[in-house]
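To start, the structure itself, in structure tokens.
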């Protein structure tokens, strides 16, 4: 009798464990279906904007790089599309392809630019000259380091590097 009782208990626990495993796998499958639908929605929105596609088709001017004000007269711009950003660096055009990272981040996977010689810019008579090529190089290097973005209500777009530090600030055109 003890052998039958042990056999019954073992069978009961194995059956219960298999049932629990089966039910939990169904729950995980249901969760995965929900996750897929969330991922589909997130992938359809602009990865540069955690709030959705409100950045699509917008144009921005770089106003600060790591809290350094971009001089007046130097127009570095950016246009946003679904998986690319493109613009002007002051003397060259650039385009960057990015991918979504998580739900609010992005990573640039490829960047290219034209190769025209850059001029010196003198915003005011007798003032300091600005080498546009140096500004261009700094902007493109900084852009490659960015990992998330926040659109503020006052027409400002802030890019943060992967350490959470504010790297770029842009104003809407």
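Numbering (mature numbering (1 follows the signal peptide of the UniProt record, and there is no 0)), first residue to last: -29 to -1, 1 to 144.
Yeah, the Cβ is synthetic: ideal placement off N, Cα and C, and Gly gets one too.
Just so you know, these numbers come straight off a predicted model, no measurement behind them.
Judged by pairs of C-beta atoms under 8 Å, the stretch 43 to 53 touches the stretch 26 to 33, as three or more such pairs exist. Secondary structure at residue 96: coil, using DSSP grouped into helix, strand and coil. The residue from 44, 32, 38 with its alpha-carbon nearest to that of residue 96 is 44.
With fewer than 16 other Cβ atoms from the protein chains shown falling within 10 Å of its own Cβ, residue 144 counts as exposed. In the structure shown, residue 105 falls within a helical segment according to DSSP collapsed to helix, strand and coil. Between residue 114 and residue 79 the beta-carbon gap is near 7 Å, inside 8 Å, which marks them as a contact.
Put simply, of 60, 74, 112, 100 the residue whose alpha carbon is nearest the alpha carbon of residue 87 is 60.
Taking a C-beta distance under 8 Å as the contact criterion, residue 65 and residue 111 qualify as a contact pair. In the DSSP assignment, residue 76 is bridged to 72, 119. Taking C-beta atoms as the reference points, residue 84 and residue 63 count as a pair closer than 8 Å. DSSP lists 30, 57 as the bridge partner or partners of residue 50.
Nearest C-alpha to residue 56 among 134, 32, 37, 42: 32. CA-to-CA, the gap between residue 123 and residue 71 works out to about 20 Å.
Looking only at 127, 116, 142, the smallest Cα-Cα distance to residue 135 is reached by 116. Here residue 89 is near residue 102, since their CB atoms are less than 8 Å apart.
Per the coordinates, the alpha-carbon of residue 99 lies some 10 Å from the alpha-carbon of residue 91.
Per DSSP, reduced to three states, the secondary structure at residue 84 is strand.
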